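For the sequence shown, my numbering assigns the number 1 to the initial residue and increments by one for each residue that follows.
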Amino acid sequence: DELVCNVMYVMAFLQHLFLLAWLWTCSATTAFLSGEGRNLWPVVLPRGPSLAASTTSSSFEPSSPIPSPTSTRRTGTKHPNEVRGDNRYGSENNSTIPSPQEVADAVGVKPTNPKATAKTWQRAWRLHKRMLPVLHAFDRNKPPDSSLSLAVLWWKALSGNDASSPASDGGLSYDLLPRATRKIVSRTVRQFYPRLHHANVEIRTAYLDRAITKVVDTARKSDASTRIRLILLGGGYDVRSIKLKERGLIDEAVELDLPQVVEAKHRLLTNRLLKRRRKMTEADLPDMMPIDLNKIDDVRRSLDEIVTQGNESEWKQWHNIFVFEGVMIYLDEGIPSALLRICSNVLDSKDLSGSLCFADRLENIPEGYLSDAITELTSNGWELNEWLPKPGLARHMGQASLLSTLEKQ
Numbered sequence: 001d002e003l004v005c006n007v008m009y010v011m012a013f014l015q016h017l018f019l020l021a022w023l024w025t026c027s028a029t030t031a032f033l034s035g036e037g038r039n040l041w042p043v044v045l046p047r048g049p050s051l052a053a054s055t056t057s058s059s060f061e062p063s064s065p066i067p068s069p070t071s072t073r074r075t076g077t078k079h080p081n082e083v084r085g086d087n088r089y090g091s092e093n094n095s096t097i098p099s100p101q102e103v104a105d106a107v108g109v110k111p112t113n114p115k116a117t118a119k120t121w122q123r124a125w126r127l128h129k130r131m132l133p134v135l136h137a138f139d140r141n142k143p144p145d146s147s148l149s150l151a152v153l154w155w156k157a158l159s160g161n162d163a164s165s166p167a168s169d170g171g172l173s174y175d176l177l178p179r180a181t182r183k184i185v186s187r188t189v190r191q192f193y194p195r196l197h198h199a200n201v202e203i204r205t206a207y208l209d210r211a212i213t214k215v216v217d218t219a220r221k222s223d224a225s226t227r228i229r230l231i232l233l234g235g236g237y238d239v240r241s242i243k244l245k246e247r248g249l250i251d252e253a254v255e256l257d258l259p260q261v262v263e264a265k266h267r268l269l270t271n272r273l274l275k276r277r278r279k280m281t282e283a284d285l286p287d288m289m290p291i292d293l294n295k296i297d298d299v300r301r302s303l304d305e306i307v308t309q310g311n312e313s314e315w316k317q318w319h320n321i322f323v324f325e326g327v328m329i330y331l332d333e334g335i336p337s338a339l340l341r342i343c344s345n346v347l348d349s350k351d352l353s354g355s356l357c358f359a360d361r362l363e364n365i366p367e368g369y370l371s372d373a374i375t376e377l378t379s380n381g382w383e384l385n386e387w388l389p390k391p392g393l394a395r396h397m398g399q400a401s402l403l404s405t406l407e408k409q
């Protein structure tokens with residue numbers, strides 16, 4: 001039996017090597033766009049009540065220069081170098097979504113392959129989906145691929161193993177993967193992958209890490225005794241809470257996700273991560289709450305429970321950071337906006353401080369329109385501070401702070 005297992009692991013490894021070589025050939029080139037980019041992104045917005053008032057206008061012009069598209073929705077002919085669809089991105093193309101190069105420059109990572117066609121992206125997607133069962137063929141802790149969360153774990157392991165990337169996690173994601181097959185995304189091998197889906201996920205990972213760091217720095221400059229709580233709605237198999245706790249950026253992390261995801265992640269953390277990292281303990285792990293985010297009343301009760309631990313004087317010591325990453329696109333219509341509203345209401349009703357960091361698909365915002373983003377967030381109790389849309393499904397990235405009662409009026 002052990003011999004058969006070893007043979008199957010070798011076969012899986014060879015199959016993935018073949019996949020890697022084939023994807024490399026199909027990617028057409030490994031060259032990246034050169035140059036610094038225009039450095040217009042992200043858009044950093046002014047603070048104060050005047051911002052909310054400006055949302056009634058059809059356009060918003062912050063003090064810093066940003067691309068100002070004149071058309072309401074861009075149409076055009078297909079270009080051979082377009083990435084992931086028929087739209088061409090970037091300010092030079094009159095698009096509200098910056099190009100992969102512009103976004104990558106803004107967060108300090110390498111861009112996705114500029115020469116990869118839509119067919120190449122789709123082919124890579126299908127092949128990786130077919131390989132997941134092979135990679136986990138003998139995995140006793142195999143987690144479900146709920147809303148692509150398992151695929152994203154493999155993609156994050158690639159950037160997580162890149163010490164030069166701002167999305168590096170020191171191998172935390174890697175340590176959640178099966179012993180034999182994870183070698184295909186090891187530090188040595190990962191550099192040979194064409195920059196496709198994992199590079200797109202790396203962009204949002206780097207952005208969120210940076211946005212959260214900025215929020216923490218601001219909160220602690222205001223009051224050095226402030227404690228930081230990270231609340232991830234739809235955490236999947238992400239290791240951000242562990243990484244940031246390890247770095248001393250946060251004091252506590254709570255993750256809310258579907259029961260089957262929470263159960264599977266608990267197995268991965270206890271059966272793999274803690275065994276592979278002997279110095280790590282249960283105290284280093286996030287608290288996890290099983291919940292269906294489509295059930296709004298349940299979410300409200302859970303968030304109330306999280307932010308009101310201890311007595312009221314203890315509540316005030318915490319700055320709560322809500323994080324959404326690639327989860328809203330899988331929720332029922334109307335739920336994403338409702339979740340934003342619940343998060344702000346839970347804090348505002350108890351006079352608590354908090355922030356919002358997201359890399360997701362917000363509702364009521366076509367493409368990357370800044371004015372619509374301001375309207376959507378303001379109407380749900382948040383003041384947009386930074387805006388950086390990007391190509392892909394989870395195309396809206398930004399950071400917001402809680403609107404005060406005065407600002408809401």
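Ideal Cβ placement from N, Cα and C applies to all residues, glycine included.
Given the structure is predicted, the values throughout are model-derived calculations rather than measurements.
- Residue environment analysis places R240 among the buried positions, since at least 16 neighbouring C-beta atoms fall within 10 angstroms of its C-beta.
- Secondary-structure assignment with DSSP links L356 through a beta bridge to F322 and A400.
- Apart from the 5 residues on each side of it in sequence, G236 sits with its Cβ closer than 6 Å to the Cβ of S149 in its chain, given in chain order.
- Distance from the Cα of Q101 is smallest, within the candidate group L388, G170, D372 and L393, for L388.
- Distance between N345 and R300, taken at the CA atoms: about 9 Å.
- Taken atom to atom, the span from the alpha-carbon of K245 to that of L285 is near 8 Å.
- Distance between K110 and P391, taken at the CA atoms: about 14 Å.
- In the structure shown, V254 adopts extended strand secondary structure according to DSSP, grouped into three states.
- Take the alpha-carbon of I212 and the one of A180: they are about 34 Å apart.
- Between the region 223 to 238 and the region 321 to 334, the count of Cβ pairs shorter than 8 Å is three or higher; the stretches touch.
- Bounds of the beta strand (DSSP E) holding M289 are D287 to P290.
- Residue environment: P42 is assigned as buried (16 or more neighbouring CB atoms within 10 Å of its CB, all protein chains considered).
- Counting along the chain, the unbroken beta strand (DSSP E) around N385 starts and ends at W382 to W387.
- The Cβ atoms of L269 and P290 lie no closer than 8 Å to each other.
- If the five residues before and after L274 are omitted, its C-beta is found closer than 6 Å to the C-beta atoms of M280, all from its own chain and listed in chain order.
- One thing to note: A394 has its Cβ within 8 Å of the Cβ of A359.
- For the options Q309, A157, L249 and A137, the alpha carbon positioned closest to that of T188 is the one of A157.
- Under DSSP, R229 shares a beta bridge with E252 and N320.
- At the C-beta level, W155 and V107 stay beyond 8 Å of one another.
- Taking C-beta atoms as the reference points, D209 and P166 count as a pair closer than 8 Å.
- Here V107 carries a helix assignment [DSSP, helix/strand/coil].
- With fewer than three CB-CB distances shorter than 8 Å, the region 214 to 227 does not count as touching the region 129 to 147.
- The beta-bridge partner set that DSSP reports for V43 consists of W387.
- Non-local C-beta neighbours of S99 in its own chain, meaning closer than 7 Å and more than five positions away in sequence, comprise Y89 and G90, ordered along the chain.
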